[in-house]
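I have placed the structure first, in the form of C-alpha cells, so that the comments after it can refer back to it.
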Amino acid sequence: MTTISNTERGAAKVMNRTDLTQRLVARLHKDEAVVGGIGHTNWDLWASGQRPQNFYMLGSMGLAAPIALGVAVAQPDRMVFALEGDGSLLMQVGALATIATVEPANLCVIVWDNEAFHITGGQKSLTATGADIVAMARGAGLTNSTWAADEAHFESLVDEALGGTTGPRLIAARIDMTKPAGTTDRDPVKIRLNFMSGIAPPDKEG
Ligand SMILES: Cc1ncc(C[n+]2csc(CCOP(=O)(O)OP(=O)(O)O)c2C)c(N)n1
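The numbers in full-length UniProt numbering rise by one with no breaks, and the one at position 6 of the sequence shown is 6.
This is how it looks when you write it as C-alpha cells:
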C-alpha cells in the first residue's frame, strides 16, 4: 500500500466544514456513496445538495465509517465516503482497525476535527487534549491517512480518493465552530429508502 505524505496536525489550517463539504460534493462524479455522521456533519451534507447516494446518520455517534465500510464491501465498484466528527469517530475508534484489516480500496473516511462535541454544547473532545486522529489511524493500519493542510490540499486528497485504487484512506481536517448551513429532515424511513434506491444495482432499479 502506498503511504501518502502527511501534514502535521499543528500545521494544518483550521477550515470550515460547510465549505469543505461543498468542495467534496462538487468533485463527485455521480454515483459515489456518501455517509454523513450524526449532527452537524450530515446537516452540512444535506445542505450541500441532497443526492440519493447520500445516507444521513441520525442518533448514534461513530457509525458513519462502519456503515460506509459495509457499503464499500458490498459494492467494490462504487467509491464510498464516510464523513464523521472527531468526537463521533473516537466513540467507535475500533472501526479504523477493522477498515485497515478489510482494506477496501474504494473507501475514504473524512474526519472533521473541531476539538469539541459542538452540537451538544461545545464540550471539549479528546482531540482538544492531544489525541491526533491521523496518528491513531496510521497506528490502526490505515497508512493512507493525512491531515489536510488547506482547502487546495483537501481537494487534491479527495481527487486522489476518487481515483479509488489506493484506499482505504483517511483525510482529517481541522475545522472551526461555525454552525452548519442547514438541518437534515429527520425522517429515517425516507432517508433509508432514498439511499437504498440510490445505491441499488442496475438490475434492482425501478
Ligand atoms: C452514543 C452516543 N453518545 C452521545 C450522544 C449525544 N451526542 C450527539 S452528537 C454528540 C457530539 C458529536 O460530536 P462530534 O462528532 O465531534 O461532532 P460535532 O457536534 O462537533 O460536529 C453527542 C455527545 C449520542 N447521540 N450517541
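Glycine is no exception: its CB is placed at the ideal position from the N, C-alpha and C atoms. Source: prediction; values computed, not measured.
Residue i: CB within 7 Å of a non-hydrogen atom of ligand 1
i, result
"residue 150", "no"
"residue 82", "no"
"residue 197", "no"
"residue 15", "no"
"residue 37", "yes"
"residue 172", "no"
"residue 86", "yes"
"residue 114", "yes"
"residue 94", "no"
"residue 91", "yes"
"residue 61", "yes"
"residue 21", "no"
"residue 207", "Outside the displayed range of the chain (1 to 206) lies residue 207, so it cannot be described from this structure."
Inter-residue spacing [alpha-carbon to alpha-carbon] between residue i and residue j
i, j, result
"residue 33", "residue 193", "14 Å"
"residue 2", "residue 188", "Caution is warranted here: a pLDDT of 43 is assigned to residue 2, below 50, making its placement in the model unreliable, and no coordinate value can be reported."
"residue 159", "residue 123", "33 Å"
"residue 140", "residue 134", "10 Å"
"residue 112", "residue 174", "6 Å"
"residue 82", "residue 35", "5 Å"
"residue 106", "residue 71", "10 Å"
"residue 14", "residue 176", "6 Å"
"residue 86", "residue 74", "26 Å"
"residue 190", "residue 58", "12 Å"
"residue 161", "residue 10", "23 Å"
"residue 171", "residue 202", "30 Å"
"residue 38", "residue 150", "24 Å"
"residue 29", "residue 154", "17 Å"
"residue 20", "residue 110", "10 Å"
"residue 12", "residue 66", "26 Å"
Start-to-end residues for the alpha helix (DSSP H) that takes in residue i
i, result
"residue 133", "133-139"
"residue 99", "94-102"
"residue 191", "188-198"
"residue 152", "151-163"
"residue 173", "It is not in any alpha helix (DSSP H) - residue 173 instead sits in the beta strand (DSSP E) that spans 169-174."
"residue 33", "Here residue 33 belongs to no alpha helix (DSSP H); instead the beta strand (DSSP E) covers 33-36."
"residue 18", "17-27"
Range of the contiguous beta strand (DSSP E) that encloses residue i
i, result
"residue 111", "107-113"
Anticipated Cβ contact below 8 Å, residue i with residue j, distance rounded
i, j, result
"residue 99", "residue 168", "5 Å"
"residue 198", "residue 17", "Not really, about 23 Å apart at Cβ, beyond 8 Å."
"residue 41", "residue 84", "6 Å"
Near ligand 3: residue i beta-carbon under 7 Å from a heavy atom
i, result
"residue 184", "This structure lacks ligand 3; the ligands present are ligand 1."
Run through the stretch 44-85 for me and flag every whole alpha helix (DSSP H) of 4 or more residues, listed as ranges in chain order. 64-74
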